[in-house]
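For reference, the structure is listed below as structure tokens.
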Amino acid sequence: MYAIIAAGGKQYRVEPGHVLQVEKLPGEVGATVELKDVRLVQGDQGVVIGQPTVASARVTAEILRQGRTRSIMVFKKKRRKNYRRTKGHRQAFTQIRITGIETK
3 MYAIIAAGGK QYRVEPGHVL QVEKLPGEVG ATVELKDVRL VQGDQGVVIG
53 QPTVASARVT AEILRQGRTR SIMVFKKKRR KNYRRTKGHR QAFTQIRITG
103 IETK
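With the working numbering, you'll find the sequence shown wraps up at 106, consecutive numbering, no jumps.
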């Protein structure tokens with residue numbers, strides 16, 4: 003059984019037991035989160051495609067870690083104008099483990 007979920011503007015194909023890194027979700031480490039934006043579910047009854055989401059489906063996950071990715075440098079420059087700007091960015095993320103996929 004697998005599902006396609008949307009989290010943080012991206013879509014992920016998940017199965018029970020998968021560990022993945024998504025955009026930051028609220029919650030503490032060890033807490034359970036419920037992802038209701040399920041786009042597709044493939045199970046015993048076949049494939050169910052949402053319009054845009056599957057109304058009766060939900061994916062549960064456990065939060066393993068909250069963190070931030072490596073720093074990237076954003077450098078802007080305009081030639082011959084003495085314009086230079088440097089800025090760093092670290093994206094926040096949540097690492098989750100999929101514990102279950104439920105359809106009603």
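We put the CB at the ideal spot given by N, CA and C, even for glycine.
Residue i, DSSP secondary structure in three states
i: ARG41; result: strand
i: ALA33; result: coil
i: VAL56; result: coil
i: LYS80; result: strand
Proximity below 8 Å, CB of residue i to CB of residue j
i: ARG60; j: GLU104; result: yes
i: VAL2; j: ARG99; result: The question about residue 2 has no answer here: the residues shown for the chain are numbered 3 through 106.
Residue i: first and last residue of the uninterrupted beta strand (DSSP E) it sits in
i: GLU25; result: 21-25
i: GLU104; result: 94-105
i: ARG15; result: 12-16
Nearest-angstrom Cβ-Cβ length linking residue i and residue j, presumed shorter than 8 Å
i: THR62; j: THR101; result: 5 Å
i: LEU37; j: GLY52; result: So it is not a contact: roughly 13 Å between Cβ atoms.
CB contact check: residue i to chain C, cutoff 8 Å
i: VAL49; result: The structure shown contains no chain C; it is built from a single protein chain.
Own chain residues within Cβ distance below 6 Å of residue i, not counting five before or after
i: GLN97; result: GLN23, LEU66, ARG67
i: GLY10; result: VAL24, GLU25
Same chain only: Cβ atoms within 7 Å of residue i, ignoring 5 sequence neighbours per side
i: ARG15; result: TYR4, ILE6
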